[in-house]
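Residue numbers (our numbering): 2 to 334.
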Ligand SMILES: [Fe+2]
């Protein structure tokens, strides 16, 4: 079970809880933002009290950290607002302490929070994947066109992490004051955001204030967007980001999924042939609602298939789909 849809949510509305898992120091508090209850992978707002100390050690999970307020002493390095680090699983973090306290985002990507005291990396750790930066000072804002088609201009990004196998991304993004985008979006990936400062508005979910957060599973409509005074946020996607844009506020998750698969069928027909789609691949591909929805104006009518004919077909076996037969399963691997 993946993480559930959390939206709208604001961490200012819930209190901190004391972190009392073994290994962590005294004076660490957290607000759970989202969690995969099977693996324990989670995202948390974390507050360290003044004087907090923890021993060097590694986590069994991949971990991403962003400092939002205050300063941390990490080994012999003092880091503050905007510091970002990617710790691969098994990477020994140096001793961590804070003189005056700090507030961070902690994102455990592959398992529950853990800290095993150690000043050496786990022998299987992919040490080369470790990287750190000051996201505020050391990276310039770039256009949001890491994905194409892209968000409207005025939504800028700083790329912080890219997984070359899954294409998962971590990035800071900002919306400039008076940003607007009038279309609706959904993706084939889960999408996560934490508003570090400022406020933005999403048609379906309302205002996202400072401390506002979402974990949004794939294929859920979001947008139009607006931000009156601007905002800065941490964003993540768990696999390849593609912006499926449209203007149909009533489309369902199932229709959005079908349209995404229809696009695979149109673009990569030979790959589609090998895909399992509800245990039954339609010879004509699934329905793309943007091609079949009723429209005024008629300029596209000649391109529109007849929805009553285009997506019906004979199976030669009484007309039912093959649910429950010998090969009706999705391969998890
Ligand atoms: Fe999105």
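The beta-carbon is built from N, C-alpha and C at its ideal position, and this holds for glycine as well.
Legend entry - First through last residue of the beta strand (DSSP E) which encompasses residue 32: 29-36
Inset, instruction - Using 7 Å as the cut-off, classify the Cβ of residue 297 as near or not near the heavy atoms of ligand 1, replying yes or no. - result: Distances between the C-beta of residue 297 and the heavy atoms of ligand 1 are all 7 Å or more.
Inset, instruction - With DSSP as the reference, please indicate the residues paired to residue 103 in a beta bridge. - result: 49 and 71
Legend entry - Status (buried if at least 16 other CB within 10 Å, exposed otherwise) for residue 256: buried
Legend entry - ligand 3 heavy atom lying under 7 Å from the CB of residue 6: As presented, the structure is devoid of ligand 3, carrying ligand 1 as its sole ligands.
Legend entry - DSSP-derived helix/strand/coil call for residue 188: coil
Legend entry - Contacts around residue 304, its chain only, beta-carbon distance under 8 Å, and the 5 residues preceding and following it disregarded: Confidence at residue 304 is low in this model, with a pLDDT of 49, below 50, so its placement is unreliable and the value that follows should be read with caution. These residues qualify, in order along the chain: 292.
Inset, instruction - Just list the beta strand (DSSP E) runs in the region 191-254, keeping only unbroken ones of 3 residues or longer that don't cross its boundaries, in chain order. - result: The beta strand (DSSP E) runs of length 3 or more contained entirely in the region 191-254 are, from start to end of the chain, 192-199, 201-203, 207-209, 213-217, 226-228, 232-238 and 245-247.
Legend entry - Alpha carbon of residue 108 to alpha carbon of residue 245, nearest angstrom: If I take the Cα positions, the gap works out to 26 Å.
Legend entry - Buried or exposed by the 16-neighbour rule on C-beta atoms within 10 Å, applied to residue 217: Residue 217 should be labelled buried.
Inset, instruction - Tell me whether residue 186 counts as near ligand 1, meaning its Cβ is closer than 7 Å to at least one heavy atom of that ligand. - result: yes
Inset, instruction - Taking residue 10 as the reference, give the member of 32, 87 and 134 with the closest Cα. - result: 32
Inset, instruction - Figure out for me which residue from 28, 155 and 45 has the closest Cα to the Cα of residue 183. - result: If we check each option's Cα against that of residue 183, 155 comes out closest.
Inset, instruction - Please confirm whether residue 268 and residue 289 have their CB atoms less than 8 Å apart. - result: No, they are not a contact pair.
Inset, instruction - For residue 87, name the three-state secondary structure that DSSP assigns. - result: strand
Inset, instruction - Using a threshold of 8 Å, state whether the C-beta atoms of residue 159 and residue 136 are closer than that. - result: Closer than 8 Å, so yes.
Inset, instruction - Work out the CA separation of residue 191 and residue 59 for me, nearest whole Å. - result: 27 Å
Legend entry - N- and C-terminal bounds of the beta strand (DSSP E) containing residue 10: Note, residue 10: beta strand (DSSP E), 7-11.
Legend entry - From 6, 205, 199 and 162, residue whose alpha carbon lies closest to that of residue 36: 6
Legend entry - residue 39 to residue 129 span [Cα, whole Å]: So the alpha carbons of these two residues sit roughly 28 Å apart.
Legend entry - In DSSP terms, what residue 96 is bridged to: Looking at the DSSP output, residue 96 shares a beta bridge with no other residue.
Legend entry - Assigned exposure category for residue 319 - 16 Cβ within 10 Å defines buried: Reliability fails at residue 319, whose pLDDT of 44 lies under 50, so the model's placement of it is uncertain and no value is given.
Inset, instruction - Please confirm if the region 119-127 is in contact with the region 52-72, defined as three or more CB-CB distances below 8 Å between the two stretches. - result: Yes, the region 119-127 is in contact with the region 52-72.
Legend entry - Nearest residue (CA-CA) to residue 229, options 181, 254 and 272: 181
Inset, instruction - Kindly indicate which three-state DSSP category residue 15 falls into: helix, strand or coil? - result: coil
Legend entry - For residue 137, the first and last residue of its enclosing alpha helix (DSSP H): Residue 137 -> no alpha helix (DSSP H), and no H or E assigned at all.
Legend entry - Reduced DSSP secondary structure (H/G/I, E/B, other) of residue 149: coil
Legend entry - Straight-line gap, residue 67 to residue 234 (C-alpha atoms, nearest Å): 11 Å
Inset, instruction - Compare the Cα-Cα distances from residue 236 to each of 260, 163, 273 and 276 and report the closest residue. - result: 163
Inset, instruction - Would you kindly report the start and end of the unbroken beta strand (DSSP E) that includes residue 121? - result: First-last for residue 121: undefined, no H or E at that position.
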